[in-house]
Amino acid sequence: MSTDTQTAGVSRILALDVGDRRIGLALSDELGYTAQPLFTLHRAGLRKDLKELARTLRRHGVTEIVVGNPLYMSGDLSPQAEKAQAFAEAVRAEFGLPVHLWDERLTTTQAHRHLDDAGHSRAPNAQGVGRKNIIDQVAAVLILQAFLEARENAVKRG
1 MSTDTQTAGV SRILALDVGD RRIGLALSDE LGYTAQPLFT LHRAGLRKDL KELARTLRRH
61 GVTEIVVGNP LYMSGDLSPQ AEKAQAFAEA VRAEFGLPVH LWDERLTTTQ AHRHLDDAGH
121 SRAPNAQGVG RKNIIDQVAA VLILQAFLEA RENAVKRG
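With our numbering as the guide, the letters of the sequence shown map in order to residues 1 to 158.
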């Protein structure tokens, strides 16, 4: 039996927390209610990043993508937001999937708080995974969960 979820008719949403060195990824469940951390992609140039994303999209049956948009607290465009928007456009052009920009102000701060509250050490774990890798995934989870909840609320208001 194939493990490729796309063949099973599963539809999922992928969130990306795009940084200069890493991209945190989170994935929705099949029903679009919850977000789970997936992995952290270490940036290797746009072409290689898109190639790895292509594998991930196929493997998980992704039909939509949410990209964190790190605006300033004032709502103005930050230099990092410009980079995230350019990456989102490259993803949209490459894969032809809907790509949504989502306001991610303070998600990294929230991610640190979640890990602190859970007692997660700032030192690398036994597998050598550092907190920065985990922070990027947790930030992607927060971005995706906010997107999913907003979508659900919009449906309820209908």
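For each residue, glycine too, the CB sits at the ideal point set by N, CA and C.
Check: Three or more C-beta pairs below 8 Å linking the region 132-147 and the region 30-42; Outcome: yes
Check: C-beta contact flag for glutamine 85 and leucine 71 at 8 Å; Outcome: no
Check: Cα-Cα separation, leucine 27 to arginine 55; Outcome: 14 Å
Check: Nearest residue (CA-CA) to arginine 113, options Asp29, Leu142, Val91 and Ala93; Outcome: Leu142
Check: For aspartate 20, the three-state DSSP class (helix, strand or coil); Outcome: coil
Check: Backbone CA spacing between alanine 140 and valine 67 [nearest angstrom]; Outcome: 8 Å
Check: Chain B contact for arginine 113 (CB, 8 Å cutoff); Outcome: Absent from the structure: chain B. Only one protein chain is present.
Check: Rounded separation between aspartate 20 and serine 11 - CA only; Outcome: 29 Å
Check: Local Cβ density within 10 Å of glycine 128, reported as buried at 16 or more and exposed below that; Outcome: Only weak support exists for where glycine 128 lies, its pLDDT of 48 falling under 50; the coordinates are left without a value.
Check: Beta-carbon proximity of leucine 14 to leucine 25, cut-off 8 Å; Outcome: yes
Check: Given arginine 92 as reference, the closest of Thr63, Gly75 and Pro79 once Cα atoms are compared; Outcome: Thr63
Check: Separation of leucine 144 from alanine 44, as counted between CA atoms; Outcome: 24 Å
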